[in-house]
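Trainee: Below you'll find the structure I mean.
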Amino acid sequence: MTNQRTVLMQKFISKMADSNGVVKGTSPFSFFKKIPKVELHAHINGSISAETIEKLIQRKAGCANLNNKVSQWETTIRKGDKRSLQESLAMFGIIYQLVDDNSTVFHVTKSVIEDFAEDNVRYLELRSMTKQSYVEAVFAAIEEARHTVPSIIVRFIMAINRKLGPDDALDTVQLALQYKAKANGLLVGIDLSGDPKVSDVEDSRILLDLIPDRIGHGTCLHPENGGSQDLVSIVEKYEIPIELCLTSNVKSQTVSSFADHHMDYWYNGKNHHCIICTDDKGVFSTTLSEEYSLVAETFNLTHQQVWNLTYSSINYIFAEESVKNALKEIWREEGKNLMNIN
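Residue numbers (the numbering used here): 239 to 580.
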């Protein structure tokens with residue numbers, strides 16, 4: 239069956255016009271690749287590329303408890319964007335068994351950063367569940383990446399899985415407080431994560447009463463999706479930005495189709511603050527460039543609107559004003575060539 243993203247891209251190419259603001263000679267997809275981007279919702283394990291996973295399998299090929307699984311794993315990995323939902327979810331299990339020591343955490347974190355940098359992401363906030371020794375490895379990888387891929391600024395968000403209960407959450411908060419002072423500004427936030435397929439209005443209301451700085455996914459806010467008008471009103475009143483991950487939502491079946499994605503409600507209907515993100519680019523076989531091309535085609539956005547989305551994302555990063563200003567200057571400089579912005 240023809241891949242939906244391929245169909246969308248073919249349609250986008252056929253509808254390409256000068257009014258979209260692309261420099262002459264620039265193909266449609268190369269525009270999305272060339273624009274500088276901000277990624278604010280990326281889980282480390284879910285963002286590991288298929289190539290890196292295959293290398294990890296080769297490194298652990300001698301482990302007796304893995305030998306009988308390798309062939310099946312490789313079949314699943316090589317399916318790429320043809321993976322079914324079950325196969326995509328199986329990827330998390332594969333990764334969990336492969337990323338099981340500090341050295342591997344360091345290696346995969348560095349490879350994820352390099353992948354995002356290659357996609358012209360200039361600012362990246364990674365997130366992950368926390369274990370003290372693994373956090374050290376993540377910070378070490380980010381520090382090394384400052385020298386090996388200086389084009390990208392990377393920060394880290396510690397994730398709390400609400401299903402694990404208050405004791406686990408408190409441990410993560412204490413770990414965050416411990417590292418806040420000694421991580422050289424790399425630790426910038428805490429993610430209160432839950433199951434995006436499960437709607438709990440009361441639980442969501444308690445969290446929104448905290449007035450979070452950003453909302454991940456936002457799939458269960460609207461009454462039609464199991465939320466309530468009260469939740470929508472809080473998000474609107476406090477102008478809380480929403481991190482939108484289209485491919486992840488459709489492939490994990492929390493949203494029925496790209497056309498039905500709640501970005502239409504928030505971005506087109508409410509002119510709300512929206513940030514385009516990948517969530518798990520490795521598991522769902524996507525890139526941030528592909529997500530922007532998908533958004534442009536699905537919601538008929540001009541290149542200027544896409545550019546504005548990338549630029550406005552800078553306002554919602556968890557970094558000091560000096561970093562925001564430096565990024566905005568990069569956008570202004572690159573905009574001169576890509577968008578004729580003076």
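Ideal Cβ placement from N, Cα and C applies to all residues, glycine included.
Treat the numbers as computed from the prediction; the structure is a model and nothing was measured.
Pick from His281, Thr540 and Leu576: whose alpha carbon is nearest that of Val392?
Mentor: Taking the first residue of the sequence shown as position 1, residue 392 is located at position 154. Ranking the options by Cα distance to Val392, first place goes to His281.
Trainee: To the nearest angstrom, report how far apart Ile472 and Val359 are at their CA atoms.
Mentor: Here the question's residue 472 lines up with position 234 in the sequence shown. Here the question's residue 359 lines up with position 121 in the sequence shown. Cα to Cα, the separation comes out at about 31 Å.
Trainee: Would the beta-carbon of Val343 fall within 8 Å of that of Leu364?
Mentor: The sequence position of residue 343 within the sequence shown is 105, counting from 1. The sequence position of residue 364 within the sequence shown is 126, counting from 1. No; because the gap between Cβ atoms is not below 8 Å, this pair is not in contact.
Trainee: Below 8 Å, how does it come out for the stretch 271 to 278 and the stretch 509 to 526: are there three or more Cβ pairs, yes or no?
Mentor: Enough Cβ pairs lie closer than 8 Å, so yes.
Trainee: Inspect the beta-carbon positions of Leu336 and Leu294 and report whether they are closer than 8 Å.
Mentor: Within the sequence shown, numbered from 1, the residue matching residue 336 stands at position 98. Within the sequence shown, numbered from 1, the residue matching residue 294 stands at position 56. Yes, these two residues count as a Cβ contact at 8 Å.
Trainee: Based on the DSSP secondary-structure assignment, which residues constitute the bridge partners of Tyr361?
Mentor: For the purposes of this step, residue 361 is taken as residue 123 along the sequence shown, with counting starting at 1. Tyr361 pairs with Val276 and Ile391.
Trainee: On the three-state DSSP scale, how would you describe Leu482?
Mentor: Here residue 482 corresponds to residue number 244 of the sequence shown, with the count starting at 1. Strand at Leu482.
Trainee: Can you find the residues in the same chain that come closer than 6 Å, C-beta to C-beta, to Val426, ignoring five residues on each side of it along the sequence?
Mentor: For the purposes of this step, residue 426 is taken as residue 188 along the sequence shown, with counting starting at 1. Only Arg393 and Phe556 meet the Cβ criterion.
Trainee: How many angstroms separate the CA atom of Ile552 from the CA atom of Arg570?
Mentor: Reading the sequence shown from its first residue, position 314 is the one you call residue 552. Reading the sequence shown from its first residue, position 332 is the one you call residue 570. Rounded to whole angstroms, Ile552 to Arg570 spans 12 Å at the Cα level.
Trainee: List the endpoints of the continuous alpha helix (DSSP H) containing Val426.
Mentor: As a working note, residue 426 is residue 188 in the sequence shown. Here Val426 belongs to no alpha helix (DSSP H); instead the beta strand (DSSP E) covers Leu425 to Ser431.
Trainee: How many Å lie between Met501 and Cys512 at the Cα?
Mentor: Your numbering for residue 501 matches position 263 in the sequence shown. Your numbering for residue 512 matches position 274 in the sequence shown. One C-alpha to the other measures close to 8 Å.
Trainee: Expressed to the nearest angstrom, what Euclidean distance is found between the alpha-carbon atoms of Leu402 and Ala355?
Mentor: If you number the sequence shown from 1, residue 402 lands on position 164. If you number the sequence shown from 1, residue 355 lands on position 117. Rounded to whole angstroms, Leu402 to Ala355 spans 33 Å at the Cα level.
Trainee: Using the Cα positions of Asp517 and Cys483, report the straight-line distance between them to the nearest angstrom.
Mentor: Walking along the sequence shown from the start, residue 517 turns up at place 279. Walking along the sequence shown from the start, residue 483 turns up at place 245. Near 6 Å, if we compare the C-alpha coordinates of Cys483 and Asp517.
Trainee: Could you tell me the alpha carbon to alpha carbon distance between Pro461 and Thr314, rounded to whole angstroms?
Mentor: Here residue 461 refers to the residue found at position 223 when the sequence shown is read from its first residue. Here residue 314 refers to the residue found at position 76 when the sequence shown is read from its first residue. Approximately 36 Å between the Cα atoms of the pair.
Trainee: Pick helix, strand or coil for Ser494, following the three-state DSSP scheme.
Mentor: Your numbering for residue 494 matches position 256 in the sequence shown. Note: Ser494 maps to coil in three-state DSSP.
Trainee: So is His585 buried or exposed if we call it buried at 16+ other beta carbons inside 10 Å?
Mentor: Outside the shown range of the chain, which is 239 to 580, sits residue 585, and nothing can be said about it.
Trainee: Looking at the structure shown, is Ser523 part of a helix, part of a strand, or coil, going by DSSP?
Mentor: Taking the sequence shown and counting its residues from 1, the one referred to as residue 523 is at position 285. Ser523: coil per DSSP, three-state reduction.
Trainee: Compute the Euclidean distance between the alpha carbons of Glu325 and Trp311, then round it to the nearest angstrom.
Mentor: Numbered from its first residue, the sequence shown carries residue 325 at position 87. Numbered from its first residue, the sequence shown carries residue 311 at position 73. Roughly 10 Å between the two C-alpha positions.
Trainee: Going by beta-carbon coordinates alone, are Tyr503 and Phe537 separated by less than 8 Å?
Mentor: Counting from one through the sequence shown, the residue named residue 503 turns up at place 265. Counting from one through the sequence shown, the residue named residue 537 turns up at place 299. Cβ atoms of Tyr503 and Phe537: not closer than 8 Å.
Trainee: Within a Cβ cutoff of 6 Å, which residues of the same chain sit near Ala379, ignoring the five residues on either side of it in sequence?
Mentor: In the sequence shown, residue 379 corresponds to position 141, counting from 1. Counting only Cβ-Cβ distances below 6 Å, and skipping sequence neighbours, we find Phe344, Thr347 and Lys348.
Trainee: Using DSSP with H/G/I as helix, E/B as strand and the rest coil, what is Val261?
Mentor: The sequence position of residue 261 within the sequence shown is 23, counting from 1. The predicted model places Val261 with a pLDDT of 34, which falls under 50 and marks its position as unreliable; any figure quoted below should be read in that light. Note: Val261 maps to coil in three-state DSSP.
Trainee: Among residues of its own chain, excluding the 5 on either side of Ala375, which ones have a beta-carbon nearer than 8 Å to its beta-carbon?
Mentor: Locating residue 375 in the sequence shown gives position 137, counting from the first residue. Same-chain partners within the cutoff: Asn340, Ser341, Val343, Phe344 and Thr347.
Trainee: What did DSSP end up calling Met501 once you bin it into helix, strand or coil?
Mentor: Working through the sequence shown from its first residue, we reach residue 501 at position 263. Met501: helix per DSSP, three-state reduction.
Trainee: Compute the distance between the beta-carbons of Leu532 and Thr485, then report whether it is under 8 Å.
Mentor: For the purposes of this step, residue 532 is taken as residue 294 along the sequence shown, with counting starting at 1. For the purposes of this step, residue 485 is taken as residue 247 along the sequence shown, with counting starting at 1. Going by C-beta atoms, Leu532 is nearer than 8 Å to Thr485.
Trainee: Specify the secondary structure class of Gly403 as computed by DSSP and reduced to three states.
Mentor: Reading the sequence shown from its first residue, position 165 is the one you call residue 403. Residue state, collapsed to three classes: coil.
Trainee: List the residues that DSSP assigns as beta-bridge partners of His281.
Mentor: Here residue 281 corresponds to residue number 43 of the sequence shown, with the count starting at 1. Per DSSP, Arg365.
Trainee: Helix, strand or coil for Ile449, going by three-state DSSP, please let me know.
Mentor: The residue you call residue 449 lines up with position 211 of the sequence shown. Looking at Ile449 - three-state DSSP - the assignment turns out to be coil, as it is neither helix nor strand.
Trainee: Which residues in the same chain have their Cβ closer than 6 Å to the Cβ of Ala414, if we skip the five residues on either side of it in sequence?
Mentor: Translated into the one-based positions of the sequence shown, residue 414 becomes position 176. The answer, listed in chain order, is Met396 and Ile428.
Trainee: Roughly how many whole angstroms lie between the Cα atoms of His499 and Lys489?
Mentor: The count along the sequence shown starts at 1 and reaches residue 499 at position 261. The count along the sequence shown starts at 1 and reaches residue 489 at position 251. Rounded to whole angstroms, His499 to Lys489 spans 12 Å at the Cα level.
Trainee: Assuming Glu481 and Leu278 are in contact, meaning their beta carbons sit under 8 Å apart, how far apart are those beta carbons, in whole angstroms?
Mentor: On the sequence shown, residue 481 is found 243 positions in, with the first residue counted as 1. On the sequence shown, residue 278 is found 40 positions in, with the first residue counted as 1. Correct: roughly 6 Å between the Cβ atoms.
Trainee: Can you find the residues in the same chain that come closer than 7 Å, C-beta to C-beta, to Glu382, ignoring five residues on each side of it along the sequence?
Mentor: On the sequence shown, position 144 is the one that residue 382 refers to. Once the five neighbours on either side are set aside, the close Cβ partners of Glu382 are Lys348.
Trainee: Quick one: is Asn575 buried, meaning 16 or more other Cβ sit within 10 Å of its Cβ, or exposed?
Mentor: Start at 1 with the first residue of the sequence shown, and residue 575 comes out as number 337. The residue is exposed, with fewer than 16 neighbouring Cβ atoms inside 10 Å.
Trainee: With burial defined as no fewer than 16 other Cβ atoms inside 10 Å of the residue's Cβ, what is the status of Val261: buried or exposed?
Mentor: Against the sequence shown, residue 261 aligns to sequence position 23. Reliability of the predicted coordinates at Val261 is poor, the pLDDT of 34 falling under 50, and no value is obtained from them.
Trainee: Write down the C-beta distance between Lys519 and Ser285 rounded to the nearest angstrom, noting that I regard them as a contact closer than 8 Å.
Mentor: As a first step, residue 519 must be located in the sequence shown, where it is residue number 281. As a first step, residue 285 must be located in the sequence shown, where it is residue number 47. Yes, they are in contact, since the Cβ atoms of Lys519 and Ser285 sit about 5 Å apart, within 8 Å.
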